Amino acid sequence: MRTRLSLSLSILLLLFGVAPVVPAADGSAASVYLPDTKAGRLGEGWLKACATKDIAQIRTWTLAHLSAETAKHAPVDRIVQRDAETCMLNGGFRVAETEKSEEQSGSWLMIGLQSGIWYQMEFNTDAAGKIVNAGIIVTPPPESSLPKDLSDARLVAAVIDIARQRARDGVFSGIVSVARGGQVIVSSSFSYADRAKKTPIDGSTEFTLGSMGKMFTAAAIGQLVDQGKLSFEDKVGKFFPDYANQTVRNKVTVGMLLSHTSGLGDFLGQRTPAMMKDGTKRAAEFLPLFDKDEPKFAPGTSWDYSNAGLVLAGAIVEKASGEDYPDYLRKHIFAVAGMTHSDANNIPHRSAHMVTPYTKMTDKDLSADWHEAEGDIGSPAGGALSTADDLVRFAEALRSGKLVSKGVFAQMTKPWRSGEHYGYAMQIEDVYGRTVVGHSGGYPGVSTDLNLVLDSPYTVVVLGNFDPPSYAYVDIPVLALVVEKAKREAAKKP
Numbered sequence: 089m090r091t092r093l094s095l096s097l098s099i100l101l102l103l104f105g106v107a108p109v110v111p112a113a114d115g116s117a118a119s120v121y122l123p124d125t126k127a128g129r130l131g132e133g134w135l136k137a138c139a140t141k142d143i144a145q146i147r148t149w150t151l152a153h154l155s156a157e158t159a160k161h162a163p164v165d166r167i168v169q170r171d172a173e174t175c176m177l178n179g180g181f182r183v184a185e186t187e188k189s190e191e192q193s194g195s196w197l198m199i200g201l202q203s204g205i206w207y208q209m210e211f212n213t214d215a216a217g218k219i220v221n222a223g224i225i226v227t228p229p230p231e232s233s234l235p236k237d238l239s240d241a242r243l244v245a246a247v248i249d250i251a252r253q254r255a256r257d258g259v260f261s262g263i264v265s266v267a268r269g270g271q272v273i274v275s276s277s278f279s280y281a282d283r284a285k286k287t288p289i290d291g292s293t294e295f296t297l298g299s300m301g302k303m304f305t306a307a308a309i310g311q312l313v314d315q316g317k318l319s320f321e322d323k324v325g326k327f328f329p330d331y332a333n334q335t336v337r338n339k340v341t342v343g344m345l346l347s348h349t350s351g352l353g354d355f356l357g358q359r360t361p362a363m364m365k366d367g368t369k370r371a372a373e374f375l376p377l378f379d380k381d382e383p384k385f386a387p388g389t390s391w392d393y394s395n396a397g398l399v400l401a402g403a404i405v406e407k408a409s410g411e412d413y414p415d416y417l418r419k420h421i422f423a424v425a426g427m428t429h430s431d432a433n434n435i436p437h438r439s440a441h442m443v444t445p446y447t448k449m450t451d452k453d454l455s456a457d458w459h460e461a462e463g464d465i466g467s468p469a470g471g472a473l474s475t476a477d478d479l480v481r482f483a484e485a486l487r488s489g490k491l492v493s494k495g496v497f498a499q500m501t502k503p504w505r506s507g508e509h510y511g512y513a514m515q516i517e518d519v520y521g522r523t524v525v526g527h528s529g530g531y532p533g534v535s536t537d538l539n540l541v542l543d544s545p546y547t548v549v550v551l552g553n554f555d556p557p558s559y560a561y562v563d564i565p566v567l568a569l570v571v572e573k574a575k576r577e578a579a580k581k582p
């Protein structure tokens with residue numbers, strides 16, 4: 089599973105387009121050339137800028153090489169700050185493999201020299217060789233580099249070591265839990281729920297989940313499908329015959345809302361001060377923020393991340409069930425799954441068990457120090473509260489058929505189109521030939537991920553109270569070990 093960290097990249101200097109030959113994590117010394125293409129030359133330039141570890145030089149290079157259109161929308165200050173932090177964390181990179189090389193597009197697999205974290209680096213340019221988009225993506229290490237011993241004891245030690253190292257690096261604060269069949273094998277936490285009070289984090293510490301909560305909405309819809317109260321193919325107009333936008337009313341299905349293929353956009357920036365202060369009682373309260381919006385594309389023909397779509401799906405839960413969305417979650421999702429420390433968070437939640445979110449984000453850029461972030465409120469698009477222990481229970485309830493039928497779960501975890509990586513509020517990835525499903529979440533001071541390894545009993549939960557992509561530094565390497573363990577155990581079965 090891969091996660092995009094930023095628009096731009098932070099990478100080590102490759103003189104004359106050649107990666108320096110240094111020992112790899114797996115003991116080899118192989119490295120690859122960056123090609124003399126538009127994409128490759130951008131890579132070389134980034135390497136030089138990043139090697140300086142000088143924010144001013146990184147900023148100068150970035151502004152000089154972004155395309156005009158990208159520069160209009162790119163949060164340059166945040167990109168530059170994160171790039172500098174990535175350079176410091178990794179101390180440079182060894183480029184290990186070329187995955188794709190074309191004149192205006194290229195991607196390479198590389199490893200951080202200090203961190204041992206594996207990344208996919210990619211550039212896409214316009215005809216003039218300017219950056220259209222680019223990224224550094226945390227990716228599982230090569231399967232051949234994984235340890236031969238993946239016994240429970242070895243896995244426990246490795247998980248603790250990964251989380252400890254990332255906490256020492258200052259990029260992770262939170263908890264990672266690995267479970268098998270609903271039983272936690274290892275749960276390791278570092279840093280604090282409250283830095284001032286030095287409150288420790290454990291399995292019952294409550295975190296805001298960000299977009300991970302979209303899975304709760306999908307599970308609620310799935311339950312109503314099982315009960316015959318709706319279908320994934322039902323149109324919005326069946327439940328909202330007076331919905332303002334005609335295209336959405338007549339052409340958008342429930343499944344499109346869950347799979348981000350409706351063409352609807354975002355609504356988070358339109359939430360009112362009163363909503364953020366006092367919360368909401370029903371999902372339908374959000375609809376006037378976007379119900380007149382025309383879809384960006386013909387519904388069902390393309391994919392674009394849509395918080396508005398999930399909120400509309402939550403409002404459909406209310407119509408089909410006759411219950412307010414927050415109450416529905418509490419009664420039919422959390423209670424059924426045994427999630428005793430979880431809440432919809434529709435009214436700003438406070439408890440002694442809740443983490444304080446910490447961010448470096450400000451209105452314009454990133455600050456040098458962590459400071460307390462403003463809390464989010466819950467909606468069908470995310471923002472609910474839960475704990476590592478409760479999310480293990482949620483994963484097991486999904487897997488076992490306790491929340492939705494196995495047939496509906498199979499629909500939720502099927503890509504919306506062949507070759508895509510998203511189902512019904514489920515991210516879908518191939519890791520070493522095994523399918524992993526779940527969802528991540530991010531918000532200032534919130535960085536979370538939940539993964540279920542299909543056709544296995546394994547679950548990985550990572551919850552953090554630092555800015556995204558904090559979770560990825562722990563989640564991806566831990567998930568790689570867990571998937572490999574599941575794969576080896578399956579191979580031994582008769």
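Position one of the sequence shown corresponds to residue 89 (the working numbering), numbered consecutively onward. Glycine included, each C-beta is placed from N, C-alpha and C at the ideal position. Computed from a predicted structure; not experimentally measured.
Just to confirm before moving on: does the CB-CB distance between residue i and residue j stay below 9 Å?
i: G270; j: R481; result: yes
i: I273; j: V264; result: no
i: V399; j: F355; result: yes
i: L352; j: L346; result: no
i: I225; j: V324; result: no
i: S350; j: S409; result: no
i: G194; j: L122; result: yes
i: K380; j: D392; result: no
i: T536; j: H441; result: no
i: E572; j: L234; result: yes
i: A513; j: L417; result: no
i: V247; j: V566; result: yes
i: Y561; j: D257; result: yes
i: L130; j: H153; result: yes
i: M303; j: G526; result: yes
i: I219; j: T213; result: yes
i: K126; j: A172; result: no
Please classify residue i as buried or exposed, where buried requires at least 16 other C-beta atoms within 10 Å of its C-beta.
i: K495; result: It should be pointed out that residue 495 corresponds to Gly in this sequence rather than to Lys. Exposed.
i: L151; result: exposed
i: G179; result: exposed
i: A222; result: buried
i: N433; result: buried
i: S558; result: buried
i: E406; result: buried
i: D478; result: buried
i: R438; result: exposed
i: Q169; result: buried
i: N469; result: A small fix is needed here, since residue 469 is Ala in this sequence, not Asn. It is buried - the Cβ of A469 has at least 16 other Cβ atoms within 10 Å.
i: T428; result: exposed
How big is the Cα-Cα spacing for residue i and residue j?
i: E484; j: A362; result: 37 Å
i: R283; j: S261; result: 10 Å
i: W134; j: P545; result: 42 Å
i: D518; j: V524; result: 6 Å
i: G128; j: F295; result: 41 Å
i: R522; j: K575; result: 8 Å
i: E231; j: W504; result: 28 Å
i: L540; j: S488; result: 12 Å
i: D330; j: D314; result: 26 Å
i: A568; j: S506; result: 24 Å
i: P445; j: L542; result: 31 Å
i: K419; j: Y413; result: 10 Å
i: G397; j: N333; result: 13 Å
i: R182; j: Y207; result: 10 Å
i: A245; j: E157; result: 47 Å
i: M198; j: E132; result: 14 Å
i: K317; j: T335; result: 23 Å
i: E187; j: T227; result: 13 Å
i: K326; j: I564; result: 41 Å
i: A184; j: P229; result: 11 Å
i: Q192; j: I167; result: 21 Å
Can you tell me the Cβ-Cβ gap for residue i and residue j, rounded? I've got them flagged as a contact below 8 Å.
i: G402; j: P436; result: That pair is no contact at about 18 Å.
i: R530; j: F554; result: Reading off the sequence, residue 530 comes out as Gly, not Arg. Going by Cβ atoms, the distance from G530 to F554 rounds to 10 Å, so no, they are not a contact pair.
i: A476; j: S430; result: Actually they do not touch by this definition, with Cβ atoms about 11 Å apart.
i: A461; j: T447; result: 4 Å
i: M500; j: A251; result: Incorrect: roughly 29 Å between the Cβ atoms, too far for contact.
i: W149; j: A139; result: Their Cβ separation, rounded to whole angstroms, is 11 Å, which puts W149 and A139 out of contact at 8 Å.
i: S276; j: P288; result: Actually they are not in contact, since the Cβ atoms of S276 and P288 sit about 12 Å apart, beyond 8 Å.
i: A371; j: S474; result: Going by Cβ atoms, the distance from A371 to S474 rounds to 18 Å, so no, they are not a contact pair.
Problem set entry | Every unbroken alpha helix (DSSP H) within the region 230-290, with a cutoff of 4 residues, ordered by chain | 240-256
Problem set entry | Complete runs of the beta strand (DSSP E) confined to the region 508-532 [at least 3 residues] | 515-519 and 522-531
Problem set entry | Within the region 343-368, ranges of the alpha helix (DSSP H) (whole runs, at least 4 residues) | 361-366
Problem set entry | Residue ranges of each alpha helix (DSSP H) within the region 437-502, 4 or longer | 476-488 and 494-500
Exercise. Where in the region 285-338 do unbroken runs of the alpha helix (DSSP H), each at least 4 residues long, occur, reported from the N-terminal end onward?
Worked result: 302-314 and 324-327
Problem set entry | Ordered list of beta strand (DSSP E) runs contained in the region 163-228, each at least 3 residues | 181-190, 193-200, 206-213 and 219-226
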